[in-house]
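Enquirer:
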Amino acid sequence: MSLNDLVHAIIEGVLTGGVYALMAAGLSLIFGVMDIVNIAQGAMVVLAGYLSYSLSVHLGIDLFVGLLITVPAMFALGVVVEWGFMRRLREGDRTSMSILITYAVAIIIEGVLSVIYGVDYVQLQASYVNQSVHLLGFYLPYIYLMGFAMAVVLLAGLYFMLYRTKFGRGIRASLQNRTAADLIGINVNRTRMLSVGIGVAVTACGGMVFGATNAFNPGSGYDLISRLLAIVILGGMGSIGGAMAAAVLLLVLSDVVAVAWSPLWAPLVFFAALVLVLSIRPTGLFGRQAVRAQ
Amino acid sequence: MRRRRVATAGAVLAAVGVFVAFAGSSTGSAASGTVTIGASLSLSGDFATDGQAFQRGYELWAKDQNAKGGLLGKTIKLDIVSDASQPAQVTTNYNKLIGSDHDAFVLGPFSTLLTVPASKVVARYGYAFVEGAGGAPSAFGNGLTNVFDVSVPVATNLDAFARWVASLPKSERPKTAAYPTSNDPFTEPQLPPAEKIMEAAGIKTVYKTVFPAEVTDFTPIANQIAADKPDAVVLGSVDVPTVSAFIHAFIQQHYSPKFFIATAGPDQGAAFVSAVGKGNENGIFVPNGWYGGSPKADSKQMVKEYIAQYGGNASGVNADVAEAYSVGQVLTQAVNATHGFDNKKIIAYLHSKVTLNSVQGPVKFNSVGENTALQATTFQWQNATLVPTIPVGSPGTVKPIVPKPAWGS
């Protein structure tokens with residue numbers, strides 16, 4: 000292993016971390032707003048990938064332009080899932096029951112995708128998917144650079160919405176105390192529904208970049224979900240910035256271990272880092288109490 | 000009171016006895032006008048593509064055989080259950096298929112990873128276990144006598160390619176090679192023999208590593224290889240996403256090896272081309288026992304039926320379909336030869352060194368159940384078609400393209 004390999008691994012880890020942050024942000028937002036662990040997040044990423052695939056292959060729409068269609072479509076899906084499944088969970092056991100409910104949603108999504116697309120692997124293709132820019136002595140793939148930039152912009156936008164807008168205050172108020180939020184005129188059900196819609200809409204972007212950087216089939220969501228949960232837990236459940244920081248940290252760590260030590264140890268280190276951080280900071284890097292107090 | 004207890008105990012023992020008698024039966028449910036044959040397949044999860052291709056292969060065979068009168072006049076009914084690509088589920092499934100469903104025969108699942116645990120369960124019931132995708136050494140080293148793999152034993156899969164590379168004139172022969180492989184029991188044993196042959200021919204190993212099946216990010220491995228710029232890459236892969244990830248990373252790093260072979264993935268026909276992008280498949284090698292353009296009459300017939308049912312073209316037919324179909328063909332010949340549905344007789348027959356036929360080619364089992372009659376052929380994607388190339392000069396082969404064309408051409 001040379002110093003070049005190490006630096007390259009760090010850069011690739013940061014860029015790939017951005018892609019994972021895009022996929023995990025919706026999961027974090029939905030938990031932060033509703034205390035719901037969305038096990039269907041991986042399946043939703045894959046669904047978003049297939050939507051981009053259909054637009055690209057059948058209508059010839061560019062992957063990024065296609066987001067103008069897939070983002071609203073995924074927003075609508077989020078609204079339907081919140082109304083049809085999540086809203087019906089009782090407050091007391093909402094978190095534990097949400098795991099079962101969203102697992103069912105994941106199975107439904109996988110089943111529908113299998114019927115429509117079959118189980119053969121596909122990957123999103125575009126001229127820039129295989130192109131790269133030569134920078135500082137390294138070839139950096141455009142798709143990862145664009146994915147990282149999109150992650151930064153979208154997550155910053157989400158953060159701004161949550162902490163600097165009236166709507167964001169409404170979200171946080173309804174999370175802290177539903178009754179009090181109701182009393183001051185916040186429509187809690189509507190706020191939660193829109194929040195889940197936004198969380199799933201962000202996943203449309205993550206799904207597109209995931210599909211452009213990985214071959215996937217309807218079952219690929221199951222491989223993703225454990226990593227996405229690890230990222231969200233490490234970042235602090237509900238923290239958007241935490242998801243970004245944790246994704247970058249875990250991907251850099253795992254890429255560096257793969258290069259410096261062995262790829263066999265990379266997944267272990269990925270999850271060992273999670274355990275280590277949680278043993279020191281049980282609320283994750285940007286723990287939930289701190290987030291809600293902001 | 001004591002009499003009632005004794006009676007109860009007797010009834011329980013009798014019930015257990017009846018259950019054991021049925022569960023232990025090795026002839027299964029072939030008494031009526033149908034013969035039920037079970038299989039556990041990965042219809043979802045990591046091996047879903049292969050599992051569903053296997054399902055198509057089994058179904059095509061059953062349909063063809065039923066059109067010919069079934070098995071000894073009985074209509075074949077398939078009892079296929081999904082294992083979601085999980086070793087734990089596959090053992091449950093075979094216990095169900097034999098112990099509860101009393102299927103007359105069971106056929107193998109997809110991959111060595113699932114065949115190994117499944118074969119132990121099947122052996123406990125005394126059933127023959129004809130399979131088509133458990134060809135790694137670990138499938139044959141368990142002291143079982145009921146396992147029969149109709150496909151090429153994978154340990155020597157890359158040997159023909161390695162020997163061909165080693166035989167090239169020095170000016171054409173690669174000088175350096177990289178050997179990254181997944182730690183899957185199907186792929187990992189394949190690379191060391193190839194590396195040994197190539198090193199003996201003076202081809203220096205510049206990179207080798209083993210990576211886990213569940214990799215979060217392939218780019219650091221691919222980037223390291225691209226930085227070393229070896230002339231040849233021998234990739235131990237189990238699926239399309241792995242090969243696709245390496246290819247896309249190589250293209251992004253402006254690196255194109257002169258020789259590129261992957262143990263699995265490029266054999267997936269249209270799905271492989273779709274994932275790597277049209278043109279990027281050209282020049283890539285893959286070892287296998289069968290291809291869609293095989294001139295064998297029964298293979299051509301199977302491909303014709305497959306295309307009629309599922310569409311596409313011959314190159315797009317997944318080799319798993321032929322492996323599954325071959326399993327059915329071998330079972331058919333064994334049933335016909337033994338004139339019955341007795342698994343013990345079938346096991347003895349398959350061990351009798353008899354040479355059987357399949358769409359993949361001849362089948363002859365050694366003492367551990369490996370098919371010693373079938374040699375691996377190395378295929379190469381040329382002009383969007385997968386064609387047999389190695390052993391060079393064998394009937395039906397075409398000349399390999401060397402070096403691999405540039406990406407996208």
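Sequences listed follow chains A and B, in order. Numbering that gives the first Met the number 0 numbers the first residue of the first sequence as 0 and each following residue consecutively. Numbering that gives the first Met the number 0 numbers the first residue of the second sequence as 0 and each following residue consecutively. For each residue, glycine too, the CB sits at the ideal point set by N, CA and C. Fair warning: this is a prediction, and the values are worked out from it, not measured in the lab.
Buried or exposed for A199 of chain B, please, with buried defined as at least 16 other CB atoms from any protein chain shown within 10 angstroms of its CB.
Expert: Taking the first residue of the second sequence as 1, we reach residue 199 of chain B at position 200. That one is exposed.
Enquirer: Looking only at its own chain, which residues have a Cβ that is under 7 Å from the Cβ of S137 of chain B, when we skip the five neighbours before and after it?
Expert: If you number the second sequence from 1, residue 137 of chain B lands on position 138. Within the same chain, S137 of chain B has close Cβ partners T111, V115, P184.
Enquirer: Would Y120 of chain A count as contacting chain B if we go by Cβ distances under 8 Å?
Expert: Residue 120 of chain A sits at position 121 when you count from the first residue of the first sequence. So, interface residue.
Enquirer: Against chain B, which members of the stretch 135-149 of chain A pass a CB distance test of less than 9 Å?
Expert: For the stretch 135-149 of chain A, which is checked against every Cβ of chain B, the residues closer than 9 Å are F137, Y138, L139, P140, Y141, I142, Y143.
Enquirer: Measuring only the C-alpha atoms, how far is I346 of chain B from I75 of chain B?
Expert: Start at 1 with the first residue of the second sequence, and residue 346 of chain B comes out as number 347. Start at 1 with the first residue of the second sequence, and residue 75 of chain B comes out as number 76. Approximately 20 Å between the Cα atoms of the pair.
Enquirer: Beta-carbon of P116 of chain B versus every beta-carbon of chain A: anything under 8 Å?
Expert: As a first step, residue 116 of chain B must be located in the second sequence, where it is residue number 117. No, P116 of chain B lies away from the interface with chain A (no Cβ there is under 8 Å from its Cβ).
Enquirer: Throw me the rounded Cβ distance for the A193 of chain B and D158 of chain B pair, which I believe falls under 8 Å.
Expert: Taking the second sequence and counting its residues from 1, the one referred to as residue 193 of chain B is at position 194. Taking the second sequence and counting its residues from 1, the one referred to as residue 158 of chain B is at position 159. Yes, A193 of chain B and D158 of chain B are in contact; Cβ-Cβ is about 7 Å, under 8 Å.
Enquirer: How would you call Q308 of chain B, buried or exposed, if buried means at least 16 neighbouring beta carbons within 10 angstroms?
Expert: The count along the second sequence starts at 1 and reaches residue 308 of chain B at position 309. Under this definition Q308 of chain B is an exposed residue.
Enquirer: If we count the other Cβ atoms within 10 Å of its Cβ and call it buried at 16 or more, is L287 of chain B buried or exposed?
Expert: If you number the second sequence from 1, residue 287 of chain B lands on position 288. Reading off the sequence, residue 287 of chain B comes out as Asn, not Leu. Result: buried.
Enquirer: Classify G23 of chain B: buried if its beta carbon has 16 or more other beta carbons within 10 angstroms, exposed otherwise.
Expert: Translated into positions along the second sequence, residue 23 of chain B becomes position 24. Bear in mind that a pLDDT of 41 at G23 of chain B, under 50, signals an unreliable position, so the model cannot answer this.
Enquirer: Tell me which residues share the same chain as L96 of chain B and place their Cβ nearer than 8 Å to its Cβ, disregarding the 5 neighbours each side in the sequence.
Expert: Position 97 of the second sequence holds residue 96 of chain B. G37, A38, S39, D78, V80, D102, V105.
Enquirer: Mind checking if P211 of chain B is an interface residue toward chain A, Cβ cutoff 8 Å exclusive?
Expert: Position 212 of the second sequence, counted from the start, is the residue given in the question as residue 211 of chain B. So, interface residue.
Enquirer: Return the first residue and the last residue of the beta strand (DSSP E) that Q381 of chain B is part of.
Expert: Reading the second sequence from its first residue, position 382 is the one you call residue 381 of chain B. It spans 376-381 - the beta strand (DSSP E) in which Q381 of chain B sits, taken as one unbroken run.
Enquirer: CA-CA distance, P240 of chain B and G218 of chain A?
Expert: Numbered from its first residue, the second sequence carries residue 240 of chain B at position 241. Numbered from its first residue, the first sequence carries residue 218 of chain A at position 219. Rounded to the nearest angstrom, the two C-alpha atoms are 12 Å apart.
Enquirer: Once you ignore the five residues that flank S255 of chain B on each side, which residues in its own chain have a CB closer than 8 Å to its CB?
Expert: Here residue 255 of chain B corresponds to residue number 256 of the second sequence, with the count starting at 1. So the qualifying residues of the chain are F249, K403, A405, W406.
Enquirer: Would you tell me roughly how many angstroms separate the C-alpha atoms of N382 of chain B and I220 of chain B, rounded to the nearest one?
Expert: Sequence index remark: in the second sequence, residue 382 of chain B carries index 383 (1-based). Sequence index remark: in the second sequence, residue 220 of chain B carries index 221 (1-based). Looking at the two C-alpha atoms, the distance is approximately 29 Å.
Enquirer: Kindly indicate which three-state DSSP category Y450 of chain B falls into: helix, strand or coil?
Expert: With chain B covering only 0 through 408, there is no way to say anything about residue 450 of chain B.
Enquirer: Which residue comes first and which comes last in the beta strand (DSSP E) that contains S321 of chain A?
Expert: Here chain A comprises residues numbered 0 to 293, so residue 321 of chain A is not present and cannot be evaluated.
Enquirer: Output, in chain order, the set of chain A residues within a Cβ distance shorter than 7 Å of I250 of chain B.
Expert: Locating residue 250 of chain B in the second sequence gives position 251, counting from the first residue. What I250 of chain B touches in chain A: N129.
Enquirer: If P387 of chain B and Y290 of chain B are in contact, beta carbons under 8 Å, what's the gap, nearest whole angstrom?
Expert: Position 388 of the second sequence holds residue 387 of chain B. Position 291 of the second sequence holds residue 290 of chain B. About 6 Å; that satisfies the 8 Å criterion.
Enquirer: Going by beta carbon distance, what residues of the same chain come within less than 6 Å of N156 of chain B, once the five residues before and after it are set aside?
Expert: Looking up residue 156 of chain B in the second sequence gives position 157. Excluding positions up to five away in sequence, the list reads Q189, P286, A375.
Enquirer: Give, in chain order, every residue of the stretch 358-383 of chain B whose Cβ lies closer than 9 Å to some Cβ of chain A.
Expert: Going along the stretch 358-383 of chain B in chain order, one finds no residue with a Cβ nearer than 9 Å to chain A.
Enquirer: Taking 8 Å as the threshold, find out whether the stretch 189-204 of chain A comes into contact with the stretch 5-18 of chain A through three or more Cβ pairs.
Expert: The stretch 189-204 of chain A, when compared against the stretch 5-18 of chain A, does not touch it at the 8 Å Cβ threshold.
Enquirer: Identify, in the order they occur along the chain, each residue of the same chain with its Cβ nearer than 7 Å to the Cβ of A269 of chain B, setting aside the five sequence neighbours on each side.
Expert: Here residue 269 of chain B refers to the residue found at position 270 when the second sequence is read from its first residue. Closer than 7 Å at Cβ, skipping near neighbours: G311, G315.
Enquirer: Keeping to the same chain, check which residues put their C-beta closer than 8 Å to that of P168 of chain B; ignore five residues upstream and five downstream.
Expert: Against the second sequence, residue 168 of chain B aligns to sequence position 169. Excluding positions up to five away in sequence, the list is empty.
Enquirer: Could you name the residues of chain A that Q223 of chain B contacts, counting a contact when the two beta carbons are closer than 7 Å?
Expert: Your numbering for residue 223 of chain B matches position 224 in the second sequence. Going along chain A in sequence order, the residues near Q223 of chain B (Cβ under 7 Å) are D4, V258.
Enquirer: Checking the sheet assignment: what are the DSSP bridge partners for K207 of chain B?
Expert: Taking the second sequence and counting its residues from 1, one reaches residue 207 of chain B at position 208. Answer is B:Y178, bridged to K207 of chain B.
Enquirer: So for F46 of chain B, helix, strand or coil by DSSP?
Expert: Within the second sequence, numbered from 1, the residue matching residue 46 of chain B stands at position 47. Here F46 of chain B sits in coil by DSSP.
Enquirer: Per DSSP, which one or two residues make a beta bridge with S113 of chain A?
Expert: In the first sequence, the residue the question calls residue 113 of chain A occupies position 114. DSSP, once it has assigned bridges, lists no residue as partnering S113 of chain A.
Enquirer: Could you tell me the distance, in whole angstroms, from the CA atom of A265 of chain A to the CA atom of G68 of chain B?
Expert: Residue numbering aside, residue 265 of chain A sits at position 266 when the first sequence is read from its first letter. Residue numbering aside, residue 68 of chain B sits at position 69 when the second sequence is read from its first letter. Looking at the two C-alpha atoms, the distance is approximately 55 Å.
Enquirer: Roughly how many angstroms lie between the CA atoms of Y221 of chain A and T48 of chain B, to the nearest whole one?
Expert: Locating residue 221 of chain A in the first sequence gives position 222, counting from the first residue. Locating residue 48 of chain B in the second sequence gives position 49, counting from the first residue. When rounded, the distance between both Cα atoms is 15 Å.
Enquirer: By how many angstroms is the C-alpha of F269 of chain A removed from the C-alpha of S393 of chain B?
Expert: Your numbering for residue 393 of chain B matches position 394 in the second sequence. Your numbering for residue 269 of chain A matches position 270 in the first sequence. One C-alpha to the other measures close to 48 Å.
Enquirer: Whose Cβ in chain B lies nearer than 8 Å to the Cβ of E109 of chain A?
Expert: For the purposes of this step, residue 109 of chain A is taken as residue 110 along the first sequence, with counting starting at 1. Result: S43.
Enquirer: Spatial neighbours of V146 of chain B within its chain, please: C-beta separation below 6 Å, excluding the five flanking residues on both sides.
Expert: Numbered from its first residue, the second sequence carries residue 146 of chain B at position 147. For V146 of chain B, where only same-chain residues beyond five positions count, the Cβ hits under 6 Å are S118, F128, G368.
Enquirer: Quick one: residues in its chain with C-beta nearer than 7 Å to the C-beta of L349 of chain B, no 5 flanking neighbours on either side, listed in chain order?
Expert: Taking the first residue of the second sequence as position 1, residue 349 of chain B is located at position 350. Answer for L349 of chain B: A127, F147, A333, F364, listed in chain order.
Enquirer: From which residue to which residue does the beta strand (DSSP E) around V386 of chain B run?
Expert: As a working note, residue 386 of chain B is residue 387 in the second sequence. 384-389 is the extent of the beta strand (DSSP E) around V386 of chain B.
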